[in-house]
Amino acid sequence: MKLILATRNHGKIVELQRIIAEIMPDVELVGTDSFPDLADVEETEDSFIGNALLKAHAVAKATGLPAIADDSGLSVNSLNGAPGIFSARYAGTHGDDLANLNKVLSNMDGVTDRSAAFHCAAAFAKPDGFEIVVEAKLHGRLTTAPIGDDGFGYDPIFIPDGFEITTAQMSPVQKDQISHRGMAFRALIQKALNAL
Numbered sequence: 154m155k156l157i158l159a160t161r162n163h164g165k166i167v168e169l170q171r172i173i174a175e176i177m178p179d180v181e182l183v184g185t186d187s188f189p190d191l192a193d194v195e196e197t198e199d200s201f202i203g204n205a206l207l208k209a210h211a212v213a214k215a216t217g218l219p220a221i222a223d224d225s226g227l228s229v230n231s232l233n234g235a236p237g238i239f240s241a242r243y244a245g246t247h248g249d250d251l252a253n254l255n256k257v258l259s260n261m262d263g264v265t266d267r268s269a270a271f272h273c274a275a276a277f278a279k280p281d282g283f284e285i286v287v288e289a290k291l292h293g294r295l296t297t298a299p300i301g302d303d304g305f306g307y308d309p310i311f312i313p314d315g316f317e318i319t320t321a322q323m324s325p326v327q328k329d330q331i332s333h334r335g336m337a338f339r340a341l342i343q344k345a346l347n348a349l
């Protein structure tokens, strides 16, 4: 069975292929980069859930295949929840991970409360309009400088609660077990199994 992942983000595709293969090894997960004529879906909603559903429905409708999507981000308590739904474009350019995390670090310079959380809303949609959505959070704290070479996004500056290393220092398997995206997509796939 083919399932379309509503993203062109290579890091996210690789991560979700690992996570979903644990539950559904017979599913072929394909990113929207395999559909060059498919326009990117603009995130116009004001919540992670809204954006995840928007993307899943748009891709399912455009391809005629079941689709999954997520909207994920980092919320920092001392920044009143920012970058939040703007995490991928916090520094102005969508997908510039280094610029985004450097802007967060700059805004947090000298701030002692470094508590933060990764959020993930994961959505499943079928071309007929059927939908499922789940949310997950991973709480932690921010470092004062990037540490680690694995992962993507804000991983080099995020230490999950109960750990002393960033998510960028974890092995992919270790990160998948605790991450907001791993939790959300494992729950989503379990719920979606009955709909497939």
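Just so we're aligned, residue 154 is where the sequence shown starts under the working numbering, counting upward by one. Every residue, glycine too, gets a C-beta built ideally from N, C-alpha and C. Bear in mind the structure is a predicted one, so any value in this text is a computation, not a measurement.
- Look at the alpha carbon of Val264 and the alpha carbon of Lys208, and state the distance between them as a whole number of angstroms. In the sequence shown, the residue the question calls residue 264 occupies position 111. In the sequence shown, the residue the question calls residue 208 occupies position 55. When rounded, the distance between both Cα atoms is 35 Å.
- Task: Compute the distance between the beta-carbons of Ala321 and Gly301, then report whether it is under 7 Å.
- Result: Taking the sequence shown and counting its residues from 1, the one referred to as residue 321 is at position 168. Taking the sequence shown and counting its residues from 1, the one referred to as residue 301 is at position 148. Yes, the Cβ-Cβ distance between Ala321 and Gly301 is below 7 Å.
- Query: Of the choices Gly164, Leu169 and Leu227, whose alpha-carbon is the least far from that of Leu341?
  - Reply: On the sequence shown, position 188 is the one that residue 341 refers to. Per the Cα distances, Leu169.
- Query: Span of the beta strand (DSSP E) holding Ala289?
  - Reply: For this step, residue 289 is matched to residue 136 along the sequence shown. Glu284 to Leu295 is the extent of the beta strand (DSSP E) around Ala289.
- Item | Neighbour-count burial assignment, Thr297, 16 or more Cβ in a 10 Å radius | Stepping through the sequence shown from its first residue, residue 297 is reached at position 144. Counting Cβ neighbours within 10 Å, Thr297 comes out exposed, since fewer than 16 surround it.
- Message: Which of the three DSSP states is assigned to Leu207 in this structure?
- Response: Taking the sequence shown and counting its residues from 1, one reaches residue 207 at position 54. Helix at Leu207.
- Query: Going by Cα to Cα distance, which pick from Val167, Pro219, Leu191 and Asp199 is closest to Ala157?
  - Reply: Position 4 of the sequence shown, counted from the first residue, corresponds to residue 157. Here residue 157 is Ile; the residue named in the question, Ala, does not match the sequence. Ranking Val167, Pro219, Leu191 and Asp199 by Cα distance to Ile157 puts Pro219 first.
- Message: Using a Cβ-Cβ cutoff of less than 6 Å, which residues in the same chain neighbour Gly306 once the five nearest sequence positions on both sides are dropped?
- Response: The residue labelled residue 306 in the question sits at position 153 within the sequence shown. Apart from sequence neighbours up to five positions away, the residues of its chain that approach Gly306 with a beta-carbon distance below 6 Å are Asp250, ordered along the chain.
- Lys155 versus Asn162, Met177 and Val167, residue with shortest Cα-Cα distance: Stepping through the sequence shown from its first residue, residue 155 is reached at position 2. Of the listed residues, the one whose Cα sits closest to Lys155 is Met177.
- Message: Quick check: the Cα distance between Leu206 and Ala215, rounded to an integer number of angstroms?
- Response: As a working mapping, residue 206 is identified with position 53 in the sequence shown. As a working mapping, residue 215 is identified with position 62 in the sequence shown. Whole-angstrom Cα-Cα distance: 14 Å.
- Query: By a C-beta neighbour count over all protein chains shown, 10 Å radius and 16 as the cutoff for buried, is Pro309 buried or exposed?
  - Reply: Start at 1 with the first residue of the sequence shown, and residue 309 comes out as number 156. With 16 or more Cβ atoms within 10 Å of its Cβ, Pro309 is classed as buried.
- Message: Could you give the first and the last residue of the continuous beta strand (DSSP E) run that contains Ala220?
- Response: Taking the sequence shown and counting its residues from 1, the one referred to as residue 220 is at position 67. Segment Ala220 to Val229, the beta strand (DSSP E) holding Ala220.
- Any 3 or more C-beta pairs closer than 8 Å across the stretch 331–341 and the stretch 275–295: The stretch 331–341 is in contact with the stretch 275–295.
- Task: Compute the beta-carbon to beta-carbon distance between Asn253 and Pro236, rounded to the nearest angstrom, for a pair I have assumed lies under 8 Å.
- Result: The residue you call residue 253 lines up with position 100 of the sequence shown. The residue you call residue 236 lines up with position 83 of the sequence shown. Yes, Asn253 and Pro236 are in contact; Cβ-Cβ is about 7 Å, under 8 Å.
- Task: Could you tell me if Asp329 is buried or exposed, where buried requires 16 or more neighbouring beta carbons within 10 angstroms of its beta carbon?
- Result: As a first step, residue 329 is located in the sequence shown; it is residue number 176 there, counting from the start. It is buried - the Cβ of Asp329 has at least 16 other Cβ atoms within 10 Å.
- Query: What's the gap between the Cα of Thr197 and the Cα of Phe239?
  - Reply: Counting from 1 along the sequence shown, the entry for residue 197 is found at position 44. Counting from 1 along the sequence shown, the entry for residue 239 is found at position 86. Rounded to whole angstroms, Thr197 and Phe239 show a C-alpha spacing of 11 Å.
- Item | His272 - containing beta strand (DSSP E), residue span | For this step, residue 272 is matched to residue 119 along the sequence shown. Segment Ser268 to Ala278, the beta strand (DSSP E) holding His272.
- Closest residue to Val326 among Val194, Val167 and Glu284 (Cα-Cα distance): By 1-based counting over the sequence shown, the position of residue 326 is 173. The shortest C-alpha to C-alpha distance from Val326 to any of Val194, Val167 and Glu284 is the one to Val167.
- Are Asp314 and Gly293 closer than 7 Å when you measure CB to CB? The sequence position of residue 314 within the sequence shown is 161, counting from 1. The sequence position of residue 293 within the sequence shown is 140, counting from 1. Yes, the pair counts as a contact, with Cβ atoms nearer than the cut-off.
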